[in-house]
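Beneath this line is the structure, given in structure tokens, with notes to follow.
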Amino acid sequence: MADLPRRQVIAVAVAAAAGAALASPTNAYANSLARSPQDPDARAHGGGWSDAPAAVPVPLDQWADNDGIDTAGTPGGDFDGSGYTYPGEELPSGETTVDGVRFLFPSSTAGGNNNVVASGQRLDLPPGRYLSAIFLTACSYGQTSGSATFHYDDGTTSEAALGGPDWYAGSGSLVAPYRYDPSGAKDEHPVVIATAETALDPARQAVAVTLPVTGPARAGTAALHVFALSLQPAADGRALALREIRATTTTLPDGSQSVEATVVNTGSAAVLAADGLRLTVDVPGARTVAPAAVGRLGPGEQARVRIGIRPGAATPPGTAATGSVVVASRGRTVASAKQRLTLGVPDFQPTDASLATHQAPYWFQDAKFGIFIHWGVYSVPAWAPVGVQYAEWYWQQMQDPSNPVYAHHRDVYGEDFAYDDFIPRFRAERFDPRAWVELFRDAGAQYHVLTSKHHEGFALWDTKLSDRNAVRMGPKRDLVKELFDASKRYAPELHRGLYFSMPEWFNPDDPWEGHAPRNPYTLEPLPYTGYTAGKDYVEGYQALQMLELVDGYDPEIIWCDIGGANDSHHVLAEYFNHAKNRRRPIEVTVNDRSGIGSHDFTTPEYTTYDSVVTAKWEASRGLDPRSYGYNSATPDDQYMSTEEVVHSLVDIVSKNGNFLLDIGPRADGTIPEVMQRRLRETGAWLRTNGESIYGSTYWARMPQLGDDLRFTVQPDRAFYIHSLAEPGSRLVVAAPVPIRSGDRVTMLGHERALSWRTEGDALVIDVPAAARAAGRHAWVFKVDWRS
């Protein structure tokens, strides 16, 4: 894995998260879901449909304290403390609409401040009842977040997590293709600003918000910047808003093109199945073939829907047309919104604009859990200080006399034993690919990602570009092919992916470490075994190796690492087109480390977030306390416990992430027993509780409550409460849980209905001893909406 600065590997777009202390709605807002459709006042309370109130932009000029936007010829701003700025020519100015929400975006007036660095300022709000506050945010020097406090006119407060993406490495709703460096020259790399939405209590009148304390904006310090703020008013009665409408490059099961939209219930009445909400797309050149439905949506709730359209035979792929997403209730239009849509999926071009239209396929978004496998020559020495360093970085770490690996290698192998002398010892003689994939399947994983080549430059496939590979040396086997063949045959439900390191530490044609191989003790040069120097590293080697993997192995995931010099625009265009134009198309995805701005998902490692991240993300870490590759020094009791694995999975999924859990096999191909045990025990938990994980989505009101409760949703089917601590005889959930009279509550693994009631603003579930005894690691309570 890449030992990168945090700002390079953390990249998110945060939205729709409320913090643990958010007070639940009261009065009509809390009661609307509790009414049965047969209640005599239910329809009266709902009343007729009305238009959703427009968002209320809040001017921030008086609090702006940072100049982060420049224009050509007028340098002088300093967004990040290093003199870099956004390009004003590429951003809006004044009143603008972003993802369906009106904002007042600051101008780039020379010398004027245009954003607020969050440092505990109290911002006055127009007094009113609001469902949410929607911010435009970005972070300098790494993603960061904190707790925003909302103040109400009765003296009470509520809190919500507020964060943003790293402007340089993240995803966002506003994207500029470059930034300005301190001299005013263009730095050709995309920078972003994202929306971040936090829930308020619409039963109280909000008057102010206190921002989190982050920053200040200086080099090396993560700071949260706020560019704009709008408030979504709460409506009386029944009102829906549409946001984030886009035509995607992803298909639905019937092969139709998916158009996505977010439906927001801005009213005080719940939407129920009896309302028969149906969403279609009205656009010239295509027809709706798979309408979307919304069965239940409480006040302040959101639902992301997928509508299938099919362009006509006379509509060339890539045709742009203005259309409307229409929401109908029993044949009556109750909401609509226009949007420019791209009909059909044209071939991808090697440009940021084209590649940016690609998104993670739905199978990846729904999978939630994958297995990472770090296996290579580094699996032979397999040593690092436990919990401190990556064992797979052995070769790089042994170059530094102050690093413990330097002394370890000298003492165990001697100064004349080169790293490449480990290659013959990497034999994989006990590698059983069938056992591997069956273990992954039994663990409940939905995909696996193998290191095809790590930074040491040793390829695990039959590359024709170098003899430095597992077919010519070491195992004398095509390890990638064997694993993929076994996966297809014995666990075909698993999706297959490959990790690929963009640079190589000591490749003589472009050494990442600045020099070709050498003896770290004598500094005498050494051969780069199996490699013939004299290539153009990027176009004559790196890009061609990636295309070998694309054409020869059909990976559904390419998981790049490090970035740096690359030809990724051309490689990824070829990858996407190869997958799309096959006789049997597959849907593929790529992460954010290929060295260009375009990506489908971001990849924090050994860390996670405290709020929902609506741009798709995937957290990775090893079962080992620090290493991805096998570390022989790690005792069994230092590996993650099954409870820690389950808690991590639940926490990540509740915030819209996937969990890529890494194992490090030994050099002989065996997976340590402690790792196998953890995976099988995780699979046992998922066999009971997987319905709350696979295919779920986050709860737009809040992902968690305190340290122990997490929430997930199966749209129109069920709401899940995950207790990370064993509950007592009563589980008290002080949150606006979407539950109503007639809903059945159970605990997964104990299918008898549980008694529940509301006490004030809390849901209280009685948990008998038999239910508590049936659970382990995390206790999952299901509110069945279909009952």
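Under this note's numbering, think of the first position of the sequence shown as 473, with each following residue one higher.
Think of the CB as a built atom: it goes at the ideal place given N, C-alpha and C, for glycine as much as any other residue.
| Item | Value |
| --- | --- |
| Where S617 sits in the DSSP three-state scheme | strand |
| Extent of the continuous alpha helix (DSSP H) to which Q868 belongs | Y866 to Q869 |
| Coarse secondary structure for N587, derived from DSSP in three states | strand |
| Identified DSSP bridge partners for G566 | F577 |
| DSSP state of S808 mapped onto helix, strand, coil | strand |
| Same chain, Cβ closer than 8 Å to R940, five either side skipped, listed in chain order | G929, F930, A931, Y1000, T1001, G1002 and Y1003 |
| For N696: DSSP bridge partner residues | A small fix is needed here, since residue 696 is Leu in this sequence, not Asn. C611. |
| Coil, strand or helix - Q861 by DSSP | coil |
| Beta-carbon proximity check, V731 vs I665, cutoff 8 Å | no |
| Strand pairing of G780, partner residues [DSSP] | S730 and A762 |
| Three-state class that DSSP yields for E965 in the structure shown | coil |
| Cβ neighbours of D747 in the same chain (closer than 6 Å, five flanking residues each side left out) | S801 |
| Start and end residues, beta strand (DSSP E) containing T752 | L749 to D754 |
| Close Cβ partners of D475 (< 7 Å) along its chain, the five nearest in sequence each way excluded | Legend: pLDDT at D475 = 34, less than 50; position of this residue unreliable, no value from coordinates given. |
| Distance between S1066 and G1036 (C-alpha atoms, nearest Å) | 8 Å |
| P598 in three-state terms, based on DSSP | strand |
| Contacts around M870, its chain only, beta-carbon distance under 6 Å, and the 5 residues preceding and following it disregarded | V877, Y878, H881 and P992 |
| Where the beta strand (DSSP E) containing H1042 begins and where it ends | Unbroken run through H1042 is the alpha helix (DSSP H), S1040 to K1052; no beta strand (DSSP E). |
| With 16 other Cβ atoms within 10 Å as the buried cut-off, status of L751 | buried |
| Test item: CB-CB of P684 and A536 under 8 Å | no |
| Own chain, CB closer than 7 Å to A762, minus 5 neighbours either side, in chain order | L724, D726, S728, I779 and G780 |
| Backbone CA spacing between L576 and P564 [nearest angstrom] | 9 Å |
| Validate contact between the segment 683-699 and the segment 1105-1124 using beta carbons, cut 8 Å, 3 pairs | no |
| Residues bridged to T1169 [DSSP beta-bridge criterion] | V1185 |
| Any non-hydrogen atom of the ligand MN closer than 7 Å to Q868 Cβ | This structure lacks the ligand MN; in fact it carries no ligand of any kind. |
| Whole-number beta carbon distance between I1030 and M974, since they are thought to touch under 8 Å | Actually they are not in contact, since the Cβ atoms of M974 and I1030 sit about 11 Å apart, beyond 8 Å. |
| Distance between V1085 and G614 (C-alpha atoms, nearest Å) | 15 Å |
| Bounding residues of the beta strand (DSSP E) (the contiguous stretch that carries I1135) | G1129 to I1135 |
| Three or more C-beta pairs below 8 Å linking the segment 1121-1135 and the segment 835-844 | yes |
| A1243 in three-state terms, based on DSSP | helix |
| Secondary structure of S604, DSSP reduced to three states | strand |
| A694 vs C611 beta-carbon contact at 8 Å | yes |
| Beta carbon of T670 nearer than 8 Å to that of A605 | yes |
| F1253 - containing beta strand (DSSP E), residue span | W1251 to D1256 |
| Residue from A963, R718 and R1173 with nearest C-alpha to P674 | R1173 |
| Between the CA atoms of A713 and K925 - distance to the nearest angstrom | 47 Å |
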